[in-house]
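If you read the sequence shown in this note's numbering, its first letter stands for residue 90, the second for the next number, and so on. Only one structure is covered here, and it is reproduced in the block below.
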Amino acid sequence: MEMQHYNHHTPSDQRSKENADRFPQRFLRDSYSTRNLIATYAASLLVTLCFVNMVVADGMLTFQVHDGNGQPVPARVHIRDDAGKAVSSLGHKDHLDHLIIDGERTVTLPAGTYVYGVERSPEWERVSGEVTINNGAAETVAVVLQRLVDLSKSGWYSGDLHIHRPPDEIEDLMRASDLHIGPVITWWNNQNYWKDHPLPKQPLIQFDGNRFARLMSGEDEREGGALLYFGLDQPVDITGSSREFPSPMTFVEQARQQNADVHLDIEKLFWWDVPVWLAVAEPDTIGLANNHMCRDRMYETEAWGKPRDTDRLSPPLGNGFWTQEIYYHILNTGLRLPPSAGSASGVLPNPVGYNRVYVHVDGELTWEKWWNGLRAGRSFVTNGPIMLCRANGELPGHVFRADSSGMLRVSFNTSFIHAGDVTHFEIIHNGKHAITGPVGANLPHQFEYTFEDDGWFLIRVISNNPRTFRFASTAPFYVELGEASTRISRASCQFFLDWVNERIERVENNVTDSDELSAVLTPHEAARQFWQQRIKMANAP
90 MEMQHYNHHT PSDQRSKENA DRFPQRFLRD SYSTRNLIAT YAASLLVTLC
140 FVNMVVADGM LTFQVHDGNG QPVPARVHIR DDAGKAVSSL GHKDHLDHLI
190 IDGERTVTLP AGTYVYGVER SPEWERVSGE VTINNGAAET VAVVLQRLVD
240 LSKSGWYSGD LHIHRPPDEI EDLMRASDLH IGPVITWWNN QNYWKDHPLP
290 KQPLIQFDGN RFARLMSGED EREGGALLYF GLDQPVDITG SSREFPSPMT
340 FVEQARQQNA DVHLDIEKLF WWDVPVWLAV AEPDTIGLAN NHMCRDRMYE
390 TEAWGKPRDT DRLSPPLGNG FWTQEIYYHI LNTGLRLPPS AGSASGVLPN
440 PVGYNRVYVH VDGELTWEKW WNGLRAGRSF VTNGPIMLCR ANGELPGHVF
490 RADSSGMLRV SFNTSFIHAG DVTHFEIIHN GKHAITGPVG ANLPHQFEYT
540 FEDDGWFLIR VISNNPRTFR FASTAPFYVE LGEASTRISR ASCQFFLDWV
590 NERIERVENN VTDSDELSAV LTPHEAARQF WQQRIKMANA P
């Protein structure tokens with residue numbers, strides 16, 4: 090069979106046989122070539138792997154931060170890659186792009202170029218720079234942070250009313266931002282830290298002598314906006330509430346049953362329920378420096394709040410000016426509501442203390458003294474500039490009463506300690522510009538102004554930053570001239586009445602259950618009556 094098979098080969102089969110006959114010789118030759126090829130490939134692969142390993146090798150970056158006396162100082166280091174992105178290998182996201190450093194810290198980073206900013210608070214200078222990490226290399230960035238001013242020596246202490254950071258991190262976070270008062274939001278509509286943790290025996294923490302954190306602050310944030318609660322010993326059970334039901338006033342009443350002195354803060358001014366809360370909730374403060382103002386950007390819209398006219402107040406800064414306008418309307422209605430500040434660190438792209446309120450305290454700082462000063466309006470808010478002001482030697486919040494002339498002559502003594510890119514200051518009187526003047530950093534400004542109308546005034550500065558609304562504002566001073574002790578603007582009251590009416594229409598569209606609708610509308614109807622009565626009381630245009 091085998092011979093018969095070979096006898097029937099075609100010419101091509103014959104060539105195959107001849108090649109097969111030479112197989113041992115070819116095998117030796119081809120095997121040698123294959124071994125060479127494999128060796129060459131292996132060597133190339135090894136070189137490639139070594140090259141890849143060299144390209145992706147991480148480096149070590151050490152930050153050392155000292156003060157002007159050479160002492161280690163806590164600080165924040167904001168660090169981003171050359172594309173402007175937060176460094177994911179550090180576990181960072183765009184809303185948390187910074188490291189906390191207590192004098193020194195070393196981190197591992199992929200090779201590349203990074204931009205950093207070392208900061209602490211407006212009382213300290215900011216140092217920025219760029220560093221390149223080579224493959225597998227170690228680099229050190231040594232920074233000296235100079236203190237510009239120590240406001241605590243003058244009785245001014247800073248706080249941030251909106252902090253969403255883990256309770257066990259708050260001390261380091263406050264040190265790094267040189268913050269003295271830090272209430273931590275631990276209960277929220279759909280989150281309650283205490284669900285999985287025992288309630289603290291003592292929610293108030295005092296450390297470093299004059300720093301205070303309290304771990305039992307809350308936020309009710311729904312369709313009408315957000316209210317912040319401070320001073321409670323246990324959470325209000327707001328989990329399970331819908332966007333509209335029950336009314337936020339239900340939880341306000343529950344909080345006051347727990348503590349009649351609970352501090353109630355309206356978190357932002359453009360929330361839909363602001364006119365209702367002004368009328369019936371008796372808030373203590375309102376967020377003039379709020380979390381739509383971020384370190385590197387603005388949240389340019391009003392989210393689900395009352396939208397502004399963007400043709401008149403264009404982005405990106407229009408939201409900041411809208412916030413100011415609403416606050417001035419509030420003051421024009423005769424309501425004396427001090428400003429507050431909050432950053433929403435942990436939720437929005439701000440570090441703890443970016444938006445802060447400084448409160449003046451006589452003598453030793455205590456938690457109670459600070460909040461009493463905040464409610465009295467002995468304060469200024471800032472997210473950058475530092476501005477100290479006294480009027481006739483008095484702090485913000487003071488009520489001036491006219492002499493027999495019916496006019497009030499005020500001598501201002503103002504210092505701009507950290508002006509940055511601020512070029513001028515403004516005195517706002519009853520919502521309008523009274524004085525505008527140039528700013529010189531670290532120079533006191535003395536000037537006088539005569540007020541011929543009662544009402545209120547404050548001093549503010551706004552930076553030239555094109556990306557975010559960076560400003561400082563004193564709390565209001567108040568002026569009472571003649572027999573009318575409180576100036577009430579008809580136009581500003583009408584502004585809020587129109588707002589309430591618009592909100593009622595929205596509630597009627599949002600709530601379909603008749604019983605729930607009736608309950609939710611009750612405070613809105615009360616607010617409408619409040620503003621209607623306020624218009625009747627008006628004694629100014």
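C-beta atoms are modelled at their ideal positions from N, C-alpha and C, and glycine is treated no differently. The structure presented is a predicted model; accordingly, all values stated were derived computationally and were not measured.
**Prompt:** With respect to the beta strand (DSSP E) encompassing C478, which residues constitute its N-terminal and C-terminal limits?
**Reply:** DSSP places C478 inside the beta strand (DSSP E), whose first and last residues are 475 to 480.
**Request:** Kindly list the residues whose CB is nearer than 8 Å to the CB of R254, restricted to its own chain and excluding five residues on each side of it in sequence; keep chain order.
**Result:** Closer than 8 Å at the Cβ level, and outside the excluded window around R254, lie L262, V273, S434, G435, V441.
**Asked** What is the rounded straight-line gap between the Cα of F536 and the Cα of D373?
**Response** 32 Å
**Message:** Going by DSSP, what residue range makes up the beta strand (DSSP E) through F514?
**Reply:** 513 to 518
**Message:** Distance check for V232 and E614, CA to CA, integer angstroms please.
**Reply:** 58 Å
**Request:** Determine the burial state of A315: buried for a count of at least 16 other Cβ atoms within 10 Å of its Cβ, exposed for fewer.
**Result:** buried
**Asked** Between which two residues does the alpha helix (DSSP H) containing H418 stretch?
**Response** Its alpha helix (DSSP H) spans residues 407 to 421.
**Message:** In the DSSP assignment, the beta strand (DSSP E) including D147 goes from what residue to what residue?
**Reply:** The continuous beta strand (DSSP E) containing D147 extends over residues 147 to 156.
**Request:** Note down the Cα distance separating R691 from V207, rounded to an integer number of angstroms.
**Result:** Only positions 90 to 630 of the chain appear in this structure, which leaves residue 691 out of reach.
**Exposed unless 16 or more other CB atoms sit within 10 angstroms - verdict on P555** = By the neighbour-count criterion, in which a residue is buried when 16 or more other Cβ atoms sit within 10 angstroms of its Cβ, P555 is exposed.
**Request:** From the DSSP output, in three-state form, read off F489 for me.
**Result:** Strand.
**Item:** Host alpha helix (DSSP H) of H613 (start-end)
**Value:** 603 to 626
**Request:** Would you check if there are 3 or more beta carbon pairs closer than 8 Å linking the region 590 to 606 to the region 329 to 348?
**Result:** Flag = yes, the region 590 to 606 and the region 329 to 348 touch.
**Message:** Taking the beta strand (DSSP E) that F319 belongs to, which residues open and close that run?
**Reply:** That run of the beta strand (DSSP E) goes 314 to 319.
**Asked** Excluding five sequence neighbours on each side, which residues of the same chain lie with their C-beta closer than 6 Å to the C-beta of A491?
**Response** L497, L570
**Prompt:** Is it buried or exposed for E342, if we count other Cβ within 10 angstroms and need 16 for buried?
**Reply:** Its Cβ having fewer than 16 others within 10 Å, E342 is exposed.
**Asked** Is the distance from the Cβ of F560 to the Cβ of I551 below 8 Å?
**Response** yes
**Prompt:** Anyone know if the C-beta pair for V154 and I189 falls short of 8 Å?
**Reply:** no
**Between the CA atoms of H522 and Y567 - distance to the nearest angstrom** = 16 Å
**Prompt:** What is the DSSP secondary structure of S330, reduced to helix, strand or coil?
**Reply:** DSSP places S330 outside both helix and strand once states are collapsed to three, so it counts as coil.
**Request:** Please go through the same chain and pick out, in chain order, the residues whose beta-carbon is closer than 6 Å to the beta-carbon of R79, but skip the five residues on each side of it.
**Result:** Residue 79 is absent from the structure shown; the chain starts at 90 and stops at 630.
**Request:** Give me the Cβ distance between D267 and S210, rounded to the nearest whole Å; I'm assuming they're in contact under 8 Å.
**Result:** By a beta-carbon distance limit of 8 Å, D267 contacts S210. Their separation comes to about 4 Å.
**Message:** Mapping the DSSP letters down to three states, classify N502 as helix, strand or coil.
**Reply:** strand
**Message:** Tell me the DSSP secondary structure of A231 in three-state form.
**Reply:** strand
**Prompt:** So, is L377 buried or exposed, given that buried needs 16 or more other C-beta atoms within 10 angstroms?
**Reply:** The residue is buried, with at least 16 neighbouring Cβ atoms inside 10 Å.
**Item:** Collapsed DSSP secondary structure at N550 in the structure displayed
**Value:** The amino acid at residue 550 is misidentified as Asn; the sequence shows Val. Looking at V550 - three-state DSSP - the assignment turns out to be strand.
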